[in-house]
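The sequence shown begins at 392 in our numbering and counts up one residue at a time.
Positions of the beta carbon are idealized from the N, C-alpha and C atoms, including for glycine.
To start, the structure under review is shown below, and the notes come after it.
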Amino acid sequence: MTASSSRFNVSPIRRRRPNSSTTRRPINTAGSTAPDCDHGGCYPATGDLLIGRSANLYASSTCGLRRPERYCFIGNLKNVSCDVCDVKVANKSHTIDHIVARTPGDLNKHTQAWWQAENDRDNVTIQLNLEAEFVFTHLIMKFRTFRPKGMIIEKSADFGKTWRAYAYFAASCATQFPYIPTLPSPDQPYCESRYSDDTPSTGGEVSLNFVVLFL
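Here it is, written out as structure tokens:
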């Protein structure tokens, strides 16, 4: 599994508290000062949640981490190109931090940077640990090769003790997730297959709009 870039669009929030005499304090949102939301709703600007959080990003498998490993890509014209991944060599390293845009706006510009799992490895996970509560709006993932045939998006609100599924993706929902509905419904995760096609073989995206999903 290879991902060339990801974007987690979010708005930071703070829990509302009962009115008190405490002075309202500003919070910092993506480098700008925004009002505290303790006394009512507010809508801070959205931003890419991954930027600045590379240290909180983990992958269960990385190509070339234990030893150099040969891999091959199938291009759009079915041409095959091969190379070696090795985390000890800068231009051969494909660790998970490569999916993070270095600055806002440069996403997808560095086509030679991507994260890659080991060959023939199943049940690979990517995990991002957060330091606060956020309103999650969009998830966009772009893949260097074929998109996964099966994938689950999950979240945890108790530091990884339990997980709640947000969405399921599969080439065949009936086969891979037979008990998951395939029609959208409020507050209910469902399975869809449009992001699991064999084409494109490179540059395919998976996009999830949480605002629409849970309205």
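Close beta carbons around residue i, own chain, < 6 Å, minus the five adjacent residues each side
i, result
"residue 463", "471 and 473"
"residue 598", "531"
"residue 571", "559 and 582"
"residue 509", "452 and 454"
Spatial distance of residue i from residue j (CA atoms)
i, j, result
"residue 591", "residue 540", "13 Å"
"residue 560", "residue 484", "28 Å"
"residue 525", "residue 478", "32 Å"
"residue 450", "residue 529", "21 Å"
"residue 593", "residue 456", "23 Å"
"residue 557", "residue 545", "5 Å"
"residue 565", "residue 481", "42 Å"
"residue 488", "residue 504", "9 Å"
"residue 573", "residue 562", "12 Å"
"residue 515", "residue 466", "23 Å"
"residue 511", "residue 517", "16 Å"
"residue 448", "residue 522", "12 Å"
"residue 365", "residue 601", "Residue 365 cannot be examined here, being either before or after the span of the chain that is shown, 392 to 606."
"residue 458", "residue 576", "46 Å"
"residue 476", "residue 584", "30 Å"
Integer-rounded CB distance, given that residue j should sit under 8 Å from residue i
i, j, result
"residue 589", "residue 550", "No, residue 589 and residue 550 are not in contact; Cβ-Cβ is about 38 Å, not under 8 Å."
"residue 492", "residue 439", "6 Å"
"residue 444", "residue 519", "7 Å"
Those residues which DSSP pairs with residue i across a bridge
i, result
"residue 582", "559"
"residue 481", "Note: residue 481 sits in no beta bridge, so no partner."
"residue 598", "531"
"residue 464", "472"
"residue 546", "555"
"residue 576", "579"
"residue 450", "517"
"residue 541", "561"
Neighbourhood of residue i by C-beta distance below 8 Å, restricted to the same chain and skipping five residues each side
i, result
"residue 486", "450, 453, 456, 478 and 506"
Spatial neighbours of residue i in its chain, beta-carbon cut-off 7 Å, leaving aside the 5 residues before and after
i, result
"residue 586", "538, 560 and 597"
"residue 568", "559, 561 and 582"
"residue 543", "556 and 559"
"residue 553", "547"
"residue 513", "none"
Enumerated in chain order, which unbroken segments of the beta strand (DSSP E) with a length of 3 residues or greater are wholly contained in the region 499-527? The qualifying runs are 517-519.
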